[in-house]
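Asker: I have a structure I would like to understand better, so I am pasting it below and will then ask my questions one at a time.
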Amino acid sequence: MRLYEYEAKQLFSQFNIPITSGQVAETKEQAKAFAEKTKKPVVLKAQILSGGRGKAGGVKFADTPLEAGTRAEELLTTSIKGFPVNKILMDEKLDIEKELYLGITLDRVNYKIVVLACSEGGVEIEEVARRNPHLIKKISLDVDQRFFPFWGMSLARHLGAKGENLKKLSQIVVSLFNLFKQYDAKLVEINPLFLTKDGRYIAGDARMSLDDDALFRHPELAEMGIEIRHEEGEMTEREKLARGWEIPYLDLDGDIGMFPGGAGFGIMGNDFIHYFGGKPANFMDSGGGPSPERLARMLILLDENPKVKAIFGARFGGISRCDDFAKGVVIFLKEHGLTKPMVLRMTGNMWQEGVRIFQESKKEHPEIFKNIEIHGIETPIEEIAQRAVELAKQR
Amino acid sequence: MRLYEYEAKQLFSQFNIPITSGQVAETKEQAKAFAEKTKKPVVLKAQILSGGRGKAGGVKFADTPLEAGTRAEELLTTSIKGFPVNKILMDEKLDIEKELYLGITLDRVNYKIVVLACSEGGVEIEEVARRNPHLIKKISLDVDQRFFPFWGMSLARHLGAKGENLKKLSQIVVSLFNLFKQYDAKLVEINPLFLTKDGRYIAGDARMSLDDDALFRHPELAEMGIEIRHEEGEMTEREKLARGWEIPYLDLDGDIGMFPGGAGFGIMGNDFIHYFGGKPANFMDSGGGPSPERLARMLILLDENPKVKAIFGARFGGISRCDDFAKGVVIFLKEHGLTKPMVLRMTGNMWQEGVRIFQESKKEHPEIFKNIEIHGIETPIEEIAQRAVELAKQR
Amino acid sequence: MAILVDKSSKVIVQGITGGAGKFHTERMLAYGTKIVAGTSPGKGGEKVLDIPVYDTVEECVANHDADTSVVFLPARFVMEAVIEAIYAGIKFVVVIPEHIPISDMMTVRKEAQKFGTIVLGGNTAGIITPGEANLGIMPDIAFKPGRVGTVSRSGSLTYYVADTLSRTGYGETTCVGLGGDPVLGSTFNDILALFEKDEKTKAVVMVGEIGGVYEEMAKTTIEKMSKPVIGMIGGIFAPPGKRMGHAGAIVEGEMGTAQSKLKALEEAGAHIAKTFLDIPKILEKFNI
Amino acid sequence: MAILVDKSSKVIVQGITGGAGKFHTERMLAYGTKIVAGTSPGKGGEKVLDIPVYDTVEECVANHDADTSVVFLPARFVMEAVIEAIYAGIKFVVVIPEHIPISDMMTVRKEAQKFGTIVLGGNTAGIITPGEANLGIMPDIAFKPGRVGTVSRSGSLTYYVADTLSRTGYGETTCVGLGGDPVLGSTFNDILALFEKDEKTKAVVMVGEIGGVYEEMAKTTIEKMSKPVIGMIGGIFAPPGKRMGHAGAIVEGEMGTAQSKLKALEEAGAHIAKTFLDIPKILEKFNI
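Residue numbers (the numbering used here), protein chains in the order written: chain A, 863 to 1257; chain B, 863 to 1257; chain C, 3 to 290; chain D, 3 to 290.
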């Protein structure tokens, strides 16, 4: 998950990576006040969970407090790359000598940690990599390798540092590496890293993406208000509801409610629906071995979504068992009721038990099964997907 | 350097290694008070920087507060293995089911860290290694290898732990390893490690030796009152004076003041004096590249020692330069004056300059050179040592 | 013949006393898998389904000559457990749990490499050699002994592919789940190479998905293979940059897209299936 | 011929701008040692004694093809500096500073081993091949080109031994100071093996001292040597368990005593000298 610039900068300052003494503003007035206090031209940066903010108009400058208020208002009432701007980070505008790049990421081809320095910063690093690869210097490390400061020195030299600045910049590289390791990051970037006219290095921007699966090791982040979120953008209300229930859920813009078992078929089933001319309304994963209650809640998310016209259900019981699955569906049918047509295929571990549960329940309450078609292993999953598309088109 | 038991136990408790809530006593009254508060039989342990304390009578038991006072007085007015006892550690006497051994040390043959568990504790581990080597289980690790808890489990199993106790004991192993690494220890031992009748593990004793050369990384130890010291025993007054001047110095029980350059020849010169029938009064090392002032102070330590009858000086200038050496000797001769006969051999880096300094100074102040014989590379060092023995015998 | 696991594998279950561990141990046993022991620290001496439970893996190896392990433990204990198995001499470890921290799994890979241990997962449904042994959580119903090998990052896709192969009479030699986590113990490369060497396997179905670089990396192996490889990629219509349940399925850079994966497979000479039903249609062209 | 260093060695000084670094660089240059560059982070571009100073070792290797380094830096910076040299491709590093933390030096050993780099020290007086190159702090006056190799843990003992060999006409091929710290980059074993292979070396004098296990470990190497080895051990009369300046000289257990060292040498067939004057007396017996 990605951090906001102002969050990443909080962590930067814990590790003594120099940042300007900026401030977050949520209103025009706060922006004005900051500019008045600073008594210098300021820069206003929209806080969104996406890159390419500068190009998209998310960074603005102001010479006077009045102008700062105006610019802040513009940013706070707009969307950048589709994301509404709720916070802006205000900084004093610096006299820049040079813009550099520093980054650390995981190399998943070679299973290494890669530290990158580029003497051309403030632009997209992929762009530079294509155009001027010699400007980039890389150091690759094993996962358990400690970072020796002389690598920092070598990268700092590549960035043109000399004398006292060489030591300062190599210390920044070392600190950035320590930060990366400390928080189980997948990516840390300073782009641009400013060298000011008066010879200071200052992180102009701060990007961090953390390994969600290692967040349990960092309870202090939650205390700082840094909670789990998407890699890009904030969650919709339904996504937040799903997260509260610990269901991996993602809103898409189609009309077929997807109720697949397993993330793999979740992704593939999405393609199948497209192949047959439909569009899914969501992505959803049940997680390993979901309880009947959780399965019922998953169906609530779909049935209550006004955009959903039909539901495509697929369960190949592995770690998740068909008996639990059938129980969950029945709980949902009884307690909530199914208002959308649903087609379902169920097989795998404990399928006989699942079929028995459905049969018994249907005997008792045939009315709650009126919108549902249930299939077994005899019907290929492609036919089920096709049927879901048909059902959606009929509405 | 070695820590006192009570100091090591302070560090143990920081790492959640279970200890009894003992207390240090420096007087009979404190000992009595502790026994009164405890309302149980107590154990009193002399705090000295040496092993084999139990055999030497340094551990006593008392059933009543009165007896505790008597035992404390006995300990506090005696010497154990030659070391006066200034502090005793008081502990509640436990009901012991079993005594075990846990230790971590450096294997300097294979350059590994070795973790040892022995199911027979409370005795000398070397003894067990000879008699019943199968009772000892060893795990050897590379210096940068992290300690995986399953090794703790494996050692705990070797010590007979089961169920919840297995987890508790493996956690103690892990904690001991962390402690070892945290403080750059050369040795950490819990011997005995008690298993009490009520199923608790408690460190009965605590031994730690730290790497003196890594102490600079642990300023917090000085704050706890843990200062540099010998591996065994406390320092004499003259040794403390020398330490204040940052001169490695050790009192021995002979009568020849040793003023050798370099620790290597310091040790070998000690042997030479013995070969020729003499006995050195000290060991001394000048450290790398000593200043003239430090050299003068080294001579003060020797000349002011009433036991010293003659001084044996040897300087083969390497990182220490003969010009500085000669300057130091001259400062001493001028400002302090030499009261003991001294024989000296000087050669090596800058020897010509050293000879010149001696000659000029002697021309000016011939009287201060009356007790000193100066030789150069032409005289073998063995002859100089022999001469020093002669000079001492003449007094 | 088969790869990695067969009826002679001596299997232990790490975490055998937990709910999932016990449930799937029962299933695996019922399938005929030779499970010789289980571990659960602090519970050594107990029995689960008549299988002896030990505190440590080293005891399982010493007492039962165990060579294979299936791990059913919470994610935060997985690194420790797998490395314990590696150091104890286990040669093949199947990691069922999901959401293992990336740095933990990178450490596991390093230790595994040192000792030549093969690790599958994390977040794998396991591995099955139909009729011989079933390690993990895969439902028996989908699988039949036969002549096609399958390898996939997803459990559910493995089931659908095997179901298709079983119902069309091809059957499977071994079905391997690589796992859905971002850093995996084994990759398509490793498994494809094993299938190439396995005499009974006549063709391989590999199912990839968006995110990560494992499919692209498989290109050089596929190029060298003598057996037909059928490739399938999930996520052609997935929105970019959003987490799709599998942590690995985040589209990061050009390497991770469905397009780049399809391109790599096509260039390597793999035959692309869009839906499962395409698989038997492609196999028909080969005389297997 | 000689071992480890000769007139073709391209030497750098790490810490060349410090007091000791500069002083001994001047001495080493005066001896004819080929010093091609020095390092001092933040001072790149300066010159010391006309020798170019760089920020990093990698520049010294790139610009001057350096292959050897002498380190003159405070103990706490030594690990970093040596490992920098190792990674930059330097093949032989001489560590003059003393009191290097044990764990730092164990880390250095590991990295050196990975890259096949030879490290001498810490707390060594250095190494000299008389008439060719002098690396470290050894005084020229003691040494003359000749036919005996010496290896010792102590600087001062190296000087006395060489002085004795020089004055009795044997002279030295190379004199090696292992260093006095408790964990060393190279040991008697390593250096004795090099002397055995060196054609010009006809005999070796090794001087050990109490503490550590290096002398005992040398036993197996000495046994296999074809050249006479003369052994000397310091500390026969040293009090046990007290720090004698050299951190290594703490008597720890049975292995570290002077007696155990003398015994190991005698059993290996080395000829024991008590004082320096015994050395030429022993050498006389061999036709070298």
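For each residue, glycine too, the CB sits at the ideal point set by N, CA and C.
As the structure is a computational prediction, the values presented were derived from the model and not from experiment.
Which residue comes first and which comes last in the beta strand (DSSP E) that contains ILE120/D?
Answerer: Counting from 1 along the fourth sequence, the entry for residue 120/D is found at position 118. 120-123 is the span of the beta strand (DSSP E), which, as asked, contains ILE120/D.
Asker: Can you check which of these residues, ALA272/C, HIS273/C, THR277/C, is closest to PHE1134/A by C-alpha distance?
Answerer: Residue numbering aside, residue 1134/A sits at position 272 when the first sequence is read from its first letter. Selected option, being the one with the closest Cα: THR277/C.
Asker: Quick check on GLY23/D: does DSSP put it in helix, strand or coil?
Answerer: Taking the fourth sequence and counting its residues from 1, one reaches residue 23/D at position 21. Reduced to three states, the DSSP call for GLY23/D is helix.
Asker: I need the boundaries of the beta strand (DSSP E) containing PRO1011/B, first residue and last residue.
Answerer: Residue numbering aside, residue 1011/B sits at position 149 when the second sequence is read from its first letter. Counting along the chain, PRO1011/B falls outside any beta strand (DSSP E), though it belongs to the alpha helix (DSSP H) covering 1011-1020.
Asker: Within the continuous beta strand (DSSP E) that includes ASN1144/A, where are the two ends?
Answerer: Translated into positions along the first sequence, residue 1144/A becomes position 282. 1144-1146 is the span of the beta strand (DSSP E), which, as asked, contains ASN1144/A.
Asker: Looking at the structure shown, is GLY1123/B part of a helix, part of a strand, or coil, going by DSSP?
Answerer: Here residue 1123/B refers to the residue found at position 261 when the second sequence is read from its first residue. Three-state result, GLY1123/B: coil.
Asker: Over the uninterrupted alpha helix (DSSP H) stretch that includes GLY984/A, give me the two end residues.
Answerer: Here residue 984/A corresponds to residue number 122 of the first sequence, with the count starting at 1. Per DSSP, GLY984/A belongs to no alpha helix (DSSP H) and is neither H nor E.
Asker: Using a Cβ-Cβ distance under 8 Å, would GLU1240/A count as near chain D?
Answerer: Within the first sequence, the letter at position 378 stands for residue 1240/A. Not closer than 8 Å to any Cβ of chain D, the Cβ of GLU1240/A fails to qualify, so no.
Asker: Output, in chain order, the set of chain D residues within a Cβ distance shorter than 7 Å of LEU1028/A.
Answerer: For the purposes of this step, residue 1028/A is identified with residue 166 of the first sequence, where counting begins at 1. Result: PRO43, GLY44, ASP57.
Asker: Taking its Cβ as the centre, do 16 or more other Cβ atoms sit within 10 Å of MET863/B, making it buried, or is it exposed?
Answerer: Working through the second sequence from its first residue, we reach residue 863/B at position 1. MET863/B comes out buried.
Asker: Distance check for ALA870/A and GLY250/D, CA to CA, integer angstroms please.
Answerer: Numbered from its first residue, the fourth sequence carries residue 250/D at position 248. Numbered from its first residue, the first sequence carries residue 870/A at position 8. At GLY250/D the pLDDT is 40, less than 50, meaning the model places this residue with poor confidence and gives no usable figure here.
Asker: Evaluate contact between the segment 970-981 of chain A and the segment 1002-1022 of chain A, counting only Cβ atoms and requiring at least three cross-stretch pairs below 8 Å.
Answerer: The answer is yes - the segment 1002-1022 of chain A touches the segment 970-981 of chain A, with three or more Cβ pairs under 8 Å.
Asker: Using a Cβ cut-off of 8 Å (strictly closer), state whether ARG915/B contacts chain D.
Answerer: Residue mapping note: residue 915/B aligns to position 53 of the second sequence, counting from 1. Answer no: the Cβ-Cβ gap between ARG915/B and chain D never drops below 8 Å.
Asker: Taking the straight line between their C-alpha atoms, what separation do you get for LEU31/D and ILE224/D?
Answerer: Here residue 31/D corresponds to residue number 29 of the fourth sequence, with the count starting at 1. Here residue 224/D corresponds to residue number 222 of the fourth sequence, with the count starting at 1. About 35 Å.
Asker: With 8 Å as the threshold, decide whether the Cβ of ARG149/D is near any Cβ in chain B.
Answerer: By one-based count along the fourth sequence, residue 149/D stands at place 147. Not one chain B Cβ lies under 8 Å of ARG149/D.
Asker: Give me the subset of the segment 101-122 of chain C whose CB atoms are less than 7 Å from a CB atom of chain A, sorted by chain position.
Answerer: Of all residues in the segment 101-122 of chain C, HIS101, ILE102, PRO103, ILE104, SER105, MET108, THR109, ARG111, LYS112 have a Cβ within less than 7 Å of some Cβ in chain A.
Asker: Rounded to whole angstroms, how far is the Cβ of VAL1310/A from the Cβ of LEU1164/A, which I believe are closer than 8 Å?
Answerer: This structure cannot settle anything about residue 1310/A, because the visible part of chain A is limited to 863 through 1257.
Asker: Please list, in chain order, the residues of the segment 16-28 of chain D that have any C-beta partner in chain A closer than 7 Å.
Answerer: So the list is empty, because no residue satisfies the distance condition.
Asker: Kindly indicate which residue of MET1015/A, GLY914/A, THR926/A has the alpha-carbon position closest to the one of ALA1068/A.
Answerer: Taking the first residue of the first sequence as 1, we reach residue 1068/A at position 206. That would be GLY914/A, whose Cα lies nearest to the Cα of ALA1068/A.
Asker: What does ASP969/A pair with, by DSSP beta-bridge criteria?
Answerer: For this step, residue 969/A is matched to residue 107 along the first sequence. Looking at the DSSP assignment, ASP969/A forms a beta bridge with LYS974/A.
Asker: For the segment 1187-1207 of chain A and the segment 1131-1145 of chain A, state whether three or more C-beta atom pairs, one from each stretch, are separated by less than 8 Å.
Answerer: Verdict: no, contact absent.
Asker: Taking a cut of 9 Å between CB atoms, which residues from the segment 1001-1015 of chain A lie near chain D?
Answerer: Listed by position along the chain: ARG1008, PHE1010, PRO1011, PHE1012, TRP1013, MET1015.
Asker: Mind pulling the chain C residues with CB within less than 7 Å of ALA1019/B?
Answerer: Residue numbering aside, residue 1019/B sits at position 157 when the second sequence is read from its first letter. It is Arg, not Ala, that sits at residue 1019/B in the sequence shown. Result: ASP57, THR58.
Asker: So, using beta-carbon positions, are PRO99/D and LEU75/D closer together than 8 Å?
Answerer: The residue you call residue 99/D lines up with position 97 of the fourth sequence. The residue you call residue 75/D lines up with position 73 of the fourth sequence. Yes; because the gap between Cβ atoms is below 8 Å, this pair is in contact.
Asker: With a CB to CB cut of under 7 Å and the five nearest residues on each side skipped, what residues in its chain are close to PRO54/D?
Answerer: Stepping through the fourth sequence from its first residue, residue 54/D is reached at position 52. Excluding positions up to five away in sequence, the list reads ALA39.
Asker: Mind checking the segment 157-169 of chain D against chain B and listing, in chain order, the residues whose C-beta falls within less than 9 Å of any C-beta there?
Answerer: Flagged, chain order: GLY157, SER158, LEU159, THR160, TYR161, TYR162, ASP165, THR166, ARG169.
Asker: ALA1247/B lies in the alpha helix (DSSP H); which residues open and close that run?
Answerer: Mapped onto the second sequence, residue 1247/B falls at position 385. Segment 1243-1256, the alpha helix (DSSP H) holding ALA1247/B.
Asker: Classify ILE212/C as helix, strand or coil using the three-state DSSP reduction.
Answerer: If you number the third sequence from 1, residue 212/C lands on position 210. ILE212/C: coil per DSSP, three-state reduction.
Asker: Using beta carbons (cut-off 8 Å, strictly below), is LYS1024/A in contact with chain D?
Answerer: Taking the first sequence and counting its residues from 1, one reaches residue 1024/A at position 162. Interface residue, yes.
Asker: Three Cβ pairs or more, each shorter than 8 Å: is that satisfied between the segment 916-924 of chain B and the segment 1220-1236 of chain A?
Answerer: At 8 Å Cβ cutoff, the stretches do not touch.
Asker: Is MET1086/B close to chain D? Criterion is C-beta to C-beta, closer than 8 Å.
Answerer: The residue labelled residue 1086/B in the question sits at position 224 within the second sequence. No, no contact with chain D.
Asker: For the alpha helix (DSSP H) that contains LYS922/A, what are its first and last residues?
Answerer: Looking up residue 922/A in the first sequence gives position 60. Careful: LYS922/A lies outside any alpha helix (DSSP H), inside the beta strand (DSSP E) at 921-924.
Asker: Which residues does DSSP pair with SER941/B in a beta bridge?
Answerer: As a position in the second sequence, residue 941/B is number 79, starting the count at 1. Looking at the DSSP assignment, SER941/B forms a beta bridge with PRO946/B.
Asker: Residues of chain B with a CB under 8 Å from the CB of VAL215/D: which are they?
Answerer: Within the fourth sequence, numbered from 1, the residue matching residue 215/D stands at position 213. Correct list: ARG970, VAL971.
Asker: Measuring only between beta-carbons, confirm whether VAL185/C sits less than 8 Å from chain A.
Answerer: Position 183 of the third sequence, counting from 1, holds the residue named residue 185/C. Interface residue, yes.
Asker: Just to confirm my understanding: we take ILE18/D, look at its own chain, exclude 5 residues before and 5 after, and list those with CB closer than 7 Å. What are they?
Answerer: Mapped onto the fourth sequence, residue 18/D falls at position 16. Excluding residues within five positions, the ones whose Cβ falls inside 7 Å are LYS24, THR27, GLY40, THR41, SER42, VAL50, ILE53, VAL55.
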